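Enquirer:
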Amino acid sequence: MFIMKRFRLKHLAVVTIVAAMMSTIFLSGATASATASVNTNTLSDDYLHVSGSKILDDTGNQVRLTGIAWFGFETNSEAFDGIWSAKMEDVLDKIADNGFNLLRIPICVQLVNQWRNGPIRFLHVSTIIQIRALKGKNSLQVLDAAVAY
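Numbering (the working numbering), first residue to last: 9 to 157.
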């Protein structure tokens, strides 16, 4: 069963969340061992879990993850490709509206090291970004804005 519209991209951007968690681990200097716990009393409607080889939602319906990549964090622009000509939120909505529920964001090691060790430079494309919400932001702030959306 496909449940695409129910889950907005912000709820199922699994790779984005993992990337944000990895950057947090790198930035905090934590070791590679990390544990996660789930409080079942506070689960939201986008909670996913596995049963055998199936991914299920909170009501037991099978979920099919359909992903797409949005590159740019591994390039000199250090941000999503195209954010200088389109509003990031509009692109994320369009991705979700087309049935994708997983976003892969390639990020280069040099950028993660820059986030960890500083200083974080402002975006290379910041002078041509037309979207006011992203003007003057650095690459980590753009990624944070995408995850928060």
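Ideal Cβ placement from N, Cα and C applies to all residues, glycine included. Here the structure is a predicted model, which is why all the values come from computation and not from measurement.
Report yes or no: do three or more beta-carbon pairs, one from the segment 113-133 and one from the segment 60-76, lie closer than 8 angstroms?
Expert: Touching, no.
Enquirer: Whole angstroms is fine: what's the gap from Asn106's alpha carbon to Trp123's?
Expert: Going by the C-alpha atoms only, they are around 32 angstroms apart.
Enquirer: How about Ile76 and Ile103: are their beta carbons less than 8 angstroms apart?
Expert: Cβ atoms of Ile76 and Ile103: closer than 8 angstroms.
Enquirer: Using only the alpha-carbon positions, how far apart do Tyr55 and Gly80 sit?
Expert: Distance between the alpha carbons of Tyr55 and Gly80 is about 29 angstroms.
Enquirer: Which same chain residues end up closer than 8 angstroms to Ala153 when comparing Cβ atoms and leaving out the 5 residues on each side of it in sequence?
Expert: Correct list, in chain order: Met96, Ala141, Leu142, Lys145.
Enquirer: Within 10 angstroms of the Cβ of Val58, are there 16 or more other Cβ atoms? Answer buried if so, exposed if not.
Expert: When all chains shown are included, Val58 counts as exposed.
Enquirer: On the DSSP letters alone, give me the boundaries of the beta strand (DSSP E) that Ile76 sits inside.
Expert: Unbroken beta strand (DSSP E) run through Ile76: 75-77.
Enquirer: Have a look at Val155, Ile91, Phe108, Trp92 and flag the residue whose alpha-carbon is nearest the alpha-carbon of Thr74.
Expert: The residue with the shortest Cα to Cα distance from Thr74 is Phe108.
Enquirer: With respect to the beta strand (DSSP E) encompassing Lys62, which residues constitute its N-terminal and C-terminal limits?
Expert: From DSSP, the beta strand (DSSP E) with Lys62 extends over 62-64.
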